[in-house]
Structures are given as structure tokens and as C-alpha cells.
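Enquirer:
In my numbering, the protein residues as written are 21 to 391.
1) Reducing DSSP to helix, strand and coil, say where residue 28 ends up.
2) Starting from the C-beta of residue 279, find all residues in its chain whose C-beta is less than 8 Å away, skip the five residues before and the five after it, and write them out in chain order.
3) Which residues mark the beginning and the end of the alpha helix (DSSP H) in which residue 162 is found?
4) Run the CB neighbour count on residue 329, radius 10 Å, all protein chains shown included, and call it buried at 16 or more, exposed below.
5) Find the nearest neighbour of residue 256 within the set 244, 319, 154, 45, judged by alpha-carbon distance.
6) Between the segment 44-57 and the segment 379-389, do at least 3 Cβ pairs fall closer than 8 Å?
7) Where does the unbroken beta strand (DSSP E) through residue 292 begin, and where does it stop?
8) Which residues in the same chain have their Cβ closer than 8 Å to the Cβ of residue 196, if we skip the five residues on either side of it in sequence?
9) Within 10 Å of its beta-carbon, does residue 81 have 16 or more other beta-carbons around it, so buried, or fewer, so exposed?
10) So, does the segment 340-351 touch the segment 274-289, judging by three or more C-beta pairs under 8 Å?
11) Between which two residues does the alpha helix (DSSP H) carrying residue 225 extend?
12) Mapping DSSP to helix, strand and coil, what is residue 99?
13) State yes or no: is the C-beta of residue 354 within less than 7 Å of the C-beta of residue 318?
14) Kindly indicate which residue of 61, 71, 67 has the alpha-carbon position closest to the one of residue 144.
15) Please report the straight-line C-alpha distance between residue 178 and residue 284, rounded to a whole angstrom.
16) Taking C-beta to C-beta, are residue 243 and residue 160 nearer than 7 Å?
17) Taking 7 Å as the cut-off, decide whether the C-beta atoms of residue 27 and residue 76 are in contact.
18) Report the rounded CA-to-CA distance for residue 335 versus residue 342, giving the unit in angstroms.
19) Applying the 10 Å Cβ sphere with the 16-neighbour rule, what's the burial state of residue 210?
20) Following the continuous beta strand (DSSP E) through residue 209, name the residue where it begins and the one where it ends.
21) So, for residue 307: in the same chain, excluding its five sequence neighbours on each side, which residues have a beta-carbon less than 6 Å away from its beta-carbon?
22) Closer than 8 Å is the cut-off here; do at least three beta carbon pairs connect the segment 129-143 with the segment 85-93?
23) On the three-state DSSP scale, how would you describe residue 315?
24) Going by CA-CA distance only, name the one from 34, 192, 193, 163 that's closest to residue 180.
25) Quick one: grab the DSSP three-state call for residue 120.
26) With DSSP as the reference, please indicate the residues paired to residue 355 in a beta bridge.
27) Just tell me which of 98, 300, 366 has its CA closest to the CA of residue 327.
28) Just mark residue 321 as buried or exposed, buried being the case when its beta carbon has 16 or more other beta carbons within 10 Å.
29) Note down the Cα distance separating residue 206 from residue 104, rounded to an integer number of angstroms.
30) Counting only runs of 4+ residues fully inside the segment 132-156, write out the alpha helix (DSSP H) ranges in chain order.
31) Spatial neighbours of residue 142 within its chain, please: C-beta separation below 7 Å, excluding the five flanking residues on both sides.
32) Give the secondary structure of residue 376 by DSSP, where H, G and I count as helix, E and B as strand, and everything else as coil.
33) Could you pull the DSSP bridge partners for residue 260 from this structure?
34) Looking at residue 42: is its Cβ nearer than 7 Å to the Cβ of residue 51?
What follows is the structure in C-alpha cells.
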């Protein structure tokens with residue numbers, strides 16, 4: 021049975037300006053692999069120490085080796101090509117800096133994994149962390165929702181479900197390897213289920229010949245196939261429902277989880293659901309009634325988009341409100357998303373980041389003790 025990890029966090033942490041510039045130089049071919057790796061190692065070691073000092077229950081490497089939250093998946097797997105996204109997301113306050121929004125990667129050829137895409141992250145965490153650690157991976161449903169383009173992808177796979185199955189198989193193999201390497205917690209990110217709350221996105225899918233109700237069922241099946249048959253034991257398997265985190269003012273999905281809650285919370289074979297609840301855009305806590313027993317809803321009540329620190333009393337009141345629909349033993353606490361889903365990250369400085377993680381720990385200990 022996985023630990024409850026009451027004081028959780030989504031994973032990404034702020035990069036220093038030096039590391040941002042190093043990633044840019046490496047991308048331009050002016051910085052060697054070894055120099056970038058050495059800088060990453062130093063910053064990740066410092067990030068681990070910070071998390072240990074704050075007392076967060078599960079550690080990450082801050083995703084500091086990545087240029088963005090998806091990591092190296094599309095570079096470790098042949099078959100993706102850059103192109104125009106088949107569906108346009110309507111970002112609030114969309115930035116002019118393209119580094120804050122990820123490029124579109126289209127499925128254009130059969131997907132074949134060339135190399136592992138999280139091994140160096142896992143190896144470093146395993147040798148440097150003194151408590152449970154997590155690795156994050158993009159969801160199959162995300163990669164296909166953003167990468168399935170009629171007229172291109174259907175020349176490779178007969179239908180969307182077949183593409184989903186191919187991506188899920190690659191992710192499952194990666195997770196199986198991580199479990200063998202000692203990972204304590206695997207987090208699947210941004211399955212795009214909140215997109216199903218947005219009528220403008222559903223209309224675009226219908227224009228592409230994709231029926232949203234069928235697509236939702238296919239996505240759940242693929243995200244389940246990603247973790248099917250694994251010897252999970254005490255390894256926690258979680259899913260983070262993201263609503264857009266390209267920068268401090270950015271988001272692309274809003275509305276209550278209600279329309280998707282029963283199908284997603286009840287149908288997904290995951291131990292934990294990390295849910296964004298930092299603003300009124302997410303609606304109320306009523307959908308938590310669909311979270312099955314023995315599963316945990318991790319409530320993202322602390323914002324990573326703003327530097328101002330929330331009130332511990334206010335967070336406790338919100339947890340009490342949530343407990344009207346799901347028992348406290350089925351809840352945990354985290355920030356709503358990562359602090360740096362993109363290379364540049366949110367407008368939060370390292371001290372503010374630390375204070376927010378410390379606040380999560382403080383409230384979690386008061387509510388659940390050290391469980």
C-alpha cells in the first residue's frame with residue numbers, strides 16, 4: 021500500500037538564471053553536454069537539500085534537467101515531428117515569449133523508443149535522496165491529444181486509439197524500469213482531462229472528426245494501460261490534472277471537475293489525483309465525492325503562479341470544506357502545479373517557492389500529523 025504523502029508537490033522547481041542560460045547555450049550548440057550536466061547536478065543536489073530541509077514528503081529533482089515539463093519523451097522516441105497543433109488552446113494572457121508555451125509535436129511516423137528518457141533523473145535521485153522520490157512523465161492522453169493530426173497521424177495508425185496504445189506501451193515500459201530502479205512515486209502529468217470542460221476545445225475536436233465522449237473513454241483506457249499489470253507494491257502512481265501553467269498569468273482550462281469526475285476519478289486506476297484548486301476557476305469540492313475509497317485527492321490549494329503566501333488558516337478552512345465531500349484520510353495537500361513547467365517558469369522567486377512548500381508541510385502536519 022503506497023504511503024499517503026500528505027505534504028506533496030507537483031514536481032518542477034525554479035531554475036536559476038545561470039541554468040536557464042546554460043540550457044539555451046546547450047540548445048544552440050555552444051555549451052558541451054558535460055558542462056550542462058555538471059551544472060544540473062549541482063542545482064539538483066541543492067534542490068533536494070531544500071526539499072529535505074522544508075520537510076516535503078516526496079522529493080523530485082525539480083525537473084531541472086528538462087527544458088519543459090514533458091522532458092525528453094519526444095526526443096527519445098522516433099516518430100514525432102514538429103508542426104502546427106491540430107487543436108488551438110485558448111490561453112489566458114498568452115505570452116509573447118514562445119519559451120513559455122511548448123511546441124507542437126505531431127505523430128507522423130511509427131513511434132519507436134530509441135533510449136530511456138528518465139534514467140539519468142532516476143539514477144541521481146536514487147543516489148542523493150534520503151527519503152521517497154518521484155519521477156514525472158507526460159500522459160499518453162496528453163501526447164495524443166496534442167499530437168494526433170488527421171491527414172498525418174492516420175497514415176501511420178488506423179485510428180486515435182491505436183496511437184494511444186502505442187504511446188501507453190512506451191510509457192509503461194519506462195515505468196516498469198523505474199520501479200525496478202527503486203522509484204517510490206510515479207506521476208503522470210497533464211492528461212488533458214480538464215480540456216473536456218472547455219466547449220471551444222470540444223468543438224475543434226468535432227471539426228477534426230473526433231467525438232469527445234468517445235475520445236474521453238479512449239484516453240482513460242490508454243492512461244490505464246500505461247500502468248496496467250505493473251508490480252506496483254508500495255509505489256504510488258499519481259495523475260496531475262493540469263489546467264495550464266506556462267507562466268504566472270497563464271491557464272487554458274476552467275470549470276468544475278463535475279462533468280468528468282465520475283468517469284475519471286472512478287475509472288482511472290491511479291492511487292492519487294493531484295487537482296488544481298487554487299482559484300475559483302476550478303469550481304467547488306463537490307466532485308470529490310466520486311473519489312473512490314483508498315484513493316487520495318491531493319488538493320492544490322497553494323498557488324505557484326503568485327509569490328504572495330497563502331494563509332495557513334484559510335487553507336485549513338478549505339480542507340474542512342473539502343472534507344464535507346471526501347473524508348480527510350482521502351485527502352492530501354500540495355501546490356496547484358509546478359513552479360516551473362517551462363524553462364522560464366512562474367514569477368515566483370526561490371525564497372517564495374520555499375515558503376510555499378514549507379506552508380504545505382506546516383498545514384499537512386497540523387491536519388494529519390506525521391502520517
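The C-beta atom is built at its ideal place from N, Cα and C for all residues, glycine as well. As the structure is a computational prediction, the values presented were derived from the model and not from experiment.
Expert: Let me spell this out:
1) As a first step, residue 28 must be located in the chain shown, where it is residue number 8. Note: residue 28 maps to coil in three-state DSSP.
2) By 1-based counting over the chain shown, the position of residue 279 is 259. Taken in chain order, the residues that qualify are 216, 217.
3) Looking up residue 162 in the chain shown gives position 142. Unbroken alpha helix (DSSP H) run through residue 162: 160-167.
4) The residue labelled residue 329 in the question sits at position 309 within the chain shown. Looking at its Cβ environment, which holds fewer than 16 other Cβ atoms inside 10 Å, residue 329 is exposed.
5) As a working mapping, residue 256 is identified with position 236 in the chain shown. Out of 244, 319, 154, 45, 154 has the C-alpha closest to the C-alpha of residue 256.
6) no
7) Stepping through the chain shown from its first residue, residue 292 is reached at position 272. Where residue 292 is concerned, the enclosing beta strand (DSSP E) stretches over 292-296.
8) Stepping through the chain shown from its first residue, residue 196 is reached at position 176. Once the five neighbours on either side are set aside, the close Cβ partners of residue 196 are 250.
9) As a first step, residue 81 is located in the chain shown; it is residue number 61 there, counting from the start. Buried is the call here.
10) no
11) The residue you call residue 225 lines up with position 205 of the chain shown. Note, residue 225: alpha helix (DSSP H), 219-227.
12) Looking up residue 99 in the chain shown gives position 79. It is a strand residue.
13) Here residue 354 is taken as the residue at index 334 of the chain shown, counted from 1. Here residue 318 is taken as the residue at index 298 of the chain shown, counted from 1. Yes, they are a contact pair.
14) Stepping through the chain shown from its first residue, residue 144 is reached at position 124. When only C-alpha atoms are compared, the closest one is 61.
15) Taking the chain shown and counting its residues from 1, the one referred to as residue 178 is at position 158. Taking the chain shown and counting its residues from 1, the one referred to as residue 284 is at position 264. Going from the Cα of residue 178 to the Cα of residue 284 covers about 26 Å.
16) Taking the chain shown and counting its residues from 1, the one referred to as residue 243 is at position 223. Taking the chain shown and counting its residues from 1, the one referred to as residue 160 is at position 140. Cβ atoms of residue 243 and residue 160: closer than 7 Å.
17) Indexing the chain shown from 1 puts residue 27 at position 7. Indexing the chain shown from 1 puts residue 76 at position 56. Yes.
18) Stepping through the chain shown from its first residue, residue 335 is reached at position 315. Stepping through the chain shown from its first residue, residue 342 is reached at position 322. Spanning the two alpha carbons is a distance of roughly 10 Å.
19) Translated into positions along the chain shown, residue 210 becomes position 190. The residue is buried, with at least 16 neighbouring Cβ atoms inside 10 Å.
20) Locating residue 209 in the chain shown gives position 189, counting from the first residue. Run containing residue 209: 205-209, per the beta strand (DSSP E) assignment.
21) Here residue 307 is taken as the residue at index 287 of the chain shown, counted from 1. For residue 307, where only same-chain residues beyond five positions count, the Cβ hits under 6 Å are 277, 278, 281.
22) yes
23) The residue given as residue 315 occupies position 295 in the chain shown. Three-state DSSP puts residue 315 in coil, outside helix and strand.
24) Taking the chain shown and counting its residues from 1, the one referred to as residue 180 is at position 160. Residue 163 is the option with its Cα nearest to residue 180.
25) As a working note, residue 120 is residue 100 in the chain shown. With a pLDDT of 49 at residue 120, under the threshold of 50, the modelled position of this residue cannot be trusted; read the value that follows with caution. If DSSP states are grouped into helix, strand and coil, residue 120 belongs with the helices.
26) Position 335 of the chain shown, counted from the first residue, corresponds to residue 355. BP columns for residue 355 point to 322.
27) Within the chain shown, residue 327 is the residue found at index 307, counting from 1. Taking only the C-alpha atoms, the option nearest residue 327 is 366.
28) Locating residue 321 in the chain shown gives position 301, counting from the first residue. So residue 321 ends up on the buried side.
29) Along the chain shown, one-based indexing puts residue 206 at 186. Along the chain shown, one-based indexing puts residue 104 at 84. When rounded, the distance between both Cα atoms is 30 Å.
30) 139-148
31) Here residue 142 corresponds to residue number 122 of the chain shown, with the count starting at 1. Counting only Cβ-Cβ distances below 7 Å, and skipping sequence neighbours, we find 155, 198, 201, 203.
32) Translated into the one-based positions of the chain shown, residue 376 becomes position 356. Note: residue 376 maps to helix in three-state DSSP.
33) As a first step, residue 260 is located in the chain shown; it is residue number 240 there, counting from the start. Answer is 209, 294, bridged to residue 260.
34) Taking the first residue of the chain shown as 1, we reach residue 42 at position 22. Taking the first residue of the chain shown as 1, we reach residue 51 at position 31. In this structure, residue 51 lies closer than 7 Å to residue 42 by Cβ.
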